[in-house]
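One structure is given here, and the rest of the page talks about it.
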Amino acid sequence: MPRLSDRVLVTGAAGFLGSNLVRVLRESGADVHGLAREEADLRDPAPIRRVVESVRPELVFHLAAGAGHPSDAAARSAFLADTVLGTANLLEALRPLESVRLVHAGSSLEYGPRSTPMRESDAIAPTTFRGAAKAAATLLVLQSGVPATVVRPFSVYGPSEQPHRLVPTAIRAARHGEPIRLTGPGIARDFVYVDDVVDALLRAAAVPDAIGQIVNAGTGTQTTNEELVARLESVLGRELDVRPGEHEAHPWDTESWVADTAKAERLLGWTARYDLDAGLARMLDPVEAGA
């Protein structure tokens with residue numbers, strides 16, 4: 001956990017992961033400056049340089065990146081500007097600081113599909129545009145000379161998650177008695193609760209030996225989409241209207257996507273505290289969860 005005296009800058013502070021991180025930092029009493037695009041667009045080096053010169057952060061969490069999976073030329077160009085150019089501009093702004101520590105949020109998409117648990121030592125082989133852009137940003141961070149750690153979250157879920165994603169969609173459908181339309185059976189992810197990822201980010205900022213390292217943030221357990229909905233049924237204690245095969249699979253969907261967590265345990269002393277049942281229960285109110 002950062003010291004209460006630390007000046008902390010968080011990019012992407014208004015996003016899903018960023019808003020949860022900022023909440024925990026502020027609850028701890030840290031001096032937090034949350035940076036959203038409305039204040040300083042990372043694609044423009046001048047305003048981010050002014051923010052860094054004003055705040056003079058001792059610790060930076062870089063969570064800002066393009067949204068979603070861009071599907072056309074204009075969207076891909078904007079995604080590159082947000083994710084790669086934005087990272088480059090932030091790094092240039094941080095270089096003059098005499099004492100700063102950076103924690104960069106990468107992505108498990110940087111690995112590309114694997115039939116075995118993904119290890120930080122694996123060569124990157126992204127098969128999506130988003131994964132390639134995030135991998136480029138990670139490489140910029142690691143070669144920059146700024147003391148940095150890269151944390152690669154897997155499939156993060158929890159409060160404030162984007163409403164179109166699987167977990168909030170399934171919960172919303174369950175609450176309103178609507179059908180839950182799933183892809184065909186077998187598509188799997190390593191679902192990790194957002195509070196656990198926040199904990200991994202904070203630990204990465206506090207461990208000196210983590211500088212220059214990449215660390216996975218996942219549970220080490222993968223769950224198929226249909227298994228996730230079955231777990232939701234178990235937490236709710238009632239059957240849901242589940243319709244497998246009615247949702248089209250994405251090109252990046254795969255039957256194996258899971259973190260090797262040994263390095264996080266060894267380097268950061270970190271393991272996920274919440275299994276899927278506990279994480280789902282935390283997203284429901286006590287009555288819904290059968291408490």
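Using the numbering used here, read the sequence shown as starting at 1 and increasing by one per residue.
Even for Gly, the Cβ is constructed at its ideal location relative to N, Cα and C.
Check: Taking all protein chains shown into account, do 16 or more other C-beta atoms lie within 10 angstroms of the C-beta of aspartate 241, making it buried, or fewer, making it exposed?; Outcome: exposed
Check: Check whether the Cβ atoms of histidine 62 and arginine 130 lie closer than 8 Å to each other.; Outcome: no
Check: Residue range of the beta strand (DSSP E) that isoleucine 180 falls in?; Outcome: 180–182
Check: In chain order, what residues of the same chain have a beta carbon less than 7 Å from the beta carbon of valine 198, not counting five sequence neighbours either side?; Outcome: Asn20, Leu21 and Val24
Check: Arginine 308 to proline 153, Cα distance in whole Å?; Outcome: Residue 308 cannot be examined here, being either before or after the span of the chain that is shown, 1 to 291.
Check: Alpha carbons only, please: which of His164, Val215 and Ser234 is nearest the one belonging to phenylalanine 16?; Outcome: His164
Check: Quick one: residues in its chain with C-beta nearer than 6 Å to the C-beta of proline 127, no 5 flanking neighbours on either side, listed in chain order?; Outcome: Residue identity differs from the one stated: residue 127 is threonine in this sequence, not proline. Result list for threonine 127: Gly112, in chain order.
Check: In terms of residue numbering, what span does the alpha helix (DSSP H) encompassing phenylalanine 79 cover?; Outcome: 73–80
Check: Since serine 155 is in the beta strand (DSSP E), which residue starts that stretch and which ends it?; Outcome: 155–157
Check: In whole angstroms, give me the CA-to-CA distance for valine 287 and lysine 263.; Outcome: With a pLDDT of 45 at valine 287, under the threshold of 50, the modelled position of this residue cannot be trusted; read the value that follows with caution. Answer to the nearest angstrom: the Cα atoms are 38 Å apart.
Check: With DSSP as the reference, label glycine 212 as helix, strand or coil.; Outcome: coil
Check: What residues are listed by DSSP as bridge partners for valine 151?; Outcome: Ala105 and Val215
Check: So, under 8 Å CB-CB, alanine 205 and valine 52 are touching, yes? Tell me the CB distance rounded to an integer number of Å.; Outcome: Rounded, the Cβ-Cβ distance is 17 Å, inconsistent with contact.
Check: Could you tell me if threonine 11 is buried or exposed, where buried requires 16 or more neighbouring beta carbons within 10 angstroms of its beta carbon?; Outcome: buried
Check: When DSSP labels each residue in this structure, what does aspartate 31 get in the three-state scheme?; Outcome: strand
Check: Using the C-alpha atoms, what's the distance from valine 258 back to threonine 221?; Outcome: 6 Å
Check: Output the distance between the C-alpha atoms of alanine 123 and glutamate 227, rounded to the nearest integer angstrom.; Outcome: 30 Å
Check: Whose CA, out of Val194, Pro251 and Val150, lies closest to the CA of alanine 210?; Outcome: Val150
Check: Find out if the Cβ-Cβ distance for the pair threonine 138, glycine 106 is shorter than 8 Å.; Outcome: yes
Check: Determine the DSSP secondary structure at leucine 63, reduced to helix, strand or coil.; Outcome: coil
Check: Specify the secondary structure class of leucine 228 as computed by DSSP and reduced to three states.; Outcome: helix
Check: Which residue from Lys134, Arg49 and Arg114 puts its Cα closest to that of proline 96?; Outcome: Arg49
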